[in-house]
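Right, one structure below, let's go through it.
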Ligand code: ZN
Ligand code: FE
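In our numbering, the protein residues as written are 1 to 257.
In structure tokens form, the structure reads like this:
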């Protein structure tokens, strides 16, 4: 399974999963249909699945047009999103498994950004390959999603689930927000040498308009402030000793950053 990253709208990423043996594809969070249809035509592949993480328009906006072109496509989303995702046929819960080509994804229920948000995790196919995590707007490279429908307690639990995946997991998040996220991260975790290095690196990438997604979970664990609620440096920065309160205060500061 090859993951192809497509750009859409101002800063969205759409991910196309392609199996060249069977010539089939699945798409994660099609914000719009056009770039997906173009790539499918180029690959001469048939779209068999749409994997939605949550109902926001910049994640499901292409569903209807893709269904029109591929009437057989199966549309997956979270069970709590019933009625909010166009064309949804499969209603997934924590622990469910979905198949694509020869791979199986585990469904993680990760409410917080929305109350129904789910993530898809493909464990590595072989021991020297990375796993693939499609986490929508729950975790970003260097950041996390805003809390529109969930509480800090829920989001800490959700990010905790993502954080517990193996280090060698590629993080395919749905937006290119990395530079701004790391700028914020440095204001609350300024002594973190790896974060400083990462920021310099990302600044170079972005000056060349290169994508910073996927990132690697190992790097997120060491540099993403929204996975580091029990780190003394971050607790000190927000004057708290409580993990959830630390997270909530960081998120509040980022909202105003
Ligand atoms: Zn969203
Ligand atoms: Fe989004």
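Glycine included, every Cβ here is placed at the ideal spot set by N, Cα and C.
| Item | Value |
| --- | --- |
| Tell me the rounded alpha-carbon separation between residue 234 and residue 196. | 15 Å |
| Tell me which residue opens and which closes the alpha helix (DSSP H) that residue 237 is part of. | 232–237 |
| With DSSP collapsed to three states, give me the class of residue 207. | helix |
| Could you spell out the range, first to last residue, of the alpha helix (DSSP H) harbouring residue 85? | Unbroken run through residue 85: none, as it is neither H nor E. |
| Can you check DSSP and say which residues form a bridge with residue 25? | 18 and 47 |
| How about residue 142 and residue 204: do their beta carbons lie closer than 8 Å? | no |
| Can you list, in chain order, the residues of its chain whose CB lies under 7 Å from that of residue 111, leaving out five sequence neighbours each side? | 117, 150, 154 and 158 |
| Label residue 11 either buried or exposed according to how many other C-beta atoms from any shown protein chain fall within 10 Å of its C-beta, with 16 as the threshold for buried. | exposed |
| Do residue 73 and residue 98 have their CB atoms nearer than 8 Å? | no |
| Is residue 174 near ligand 2, going by C-beta to nearest heavy atom under 7 Å? | yes |
| Counting along the chain, where does the beta strand (DSSP E) carrying residue 131 start and finish? | 131–136 |
| Could you tell me the alpha carbon to alpha carbon distance between residue 1 and residue 39, rounded to whole angstroms? | 15 Å |
| Do residue 176 and residue 260 have their beta-carbon atoms positioned less than 8 Å apart in this structure? | A query on residue 260 cannot be resolved here, the shown segment of the chain reaching from 1 to 257 and no further. |
| For residue 56, name the three-state secondary structure that DSSP assigns. | coil |
| By the 10 Å Cβ neighbour count, where 16 or more other Cβ atoms means buried, how is residue 242 classified, buried or exposed? | exposed |
| If you measure from each CB to the nearest heavy atom of ligand 1 and keep those under 5 Å, what residues do you get, in chain order? | 56 and 137 |
| Between which two residues does the alpha helix (DSSP H) harbouring residue 220 extend? | 217–223 |
| Name the DSSP beta bridge partners of residue 78, please? | 92 |
| Where do the N-terminal and C-terminal ends of the beta strand (DSSP E) with residue 244 fall, by residue? | No beta strand (DSSP E) holds residue 244; the alpha helix (DSSP H) holding it covers 243–256. |
| In or out: residue 29 buried (at least 16 other Cβ within 10 Å) or exposed? | buried |
| Kindly confirm or deny that the segment 169–189 and the segment 80–91 touch, where touching means at least three C-beta pairs closer than 8 Å. | no |
| Please determine whether the Cβ atom of residue 19 lies at a distance below 7 Å from any heavy atom of ligand 2. | no |
| Using only CA atoms, which one of 130, 92 and 102 lies nearest to residue 77? | 92 |
| Quick check: what's the CA-CA separation for residue 31 versus residue 232? | 38 Å |
| According to DSSP, which residues form a beta bridge with residue 97? | 106 |
| Where in the segment 104–191 do unbroken runs of the alpha helix (DSSP H), each at least 4 residues long, occur, reported from the N-terminal end onward? | 152–163 and 178–188 |
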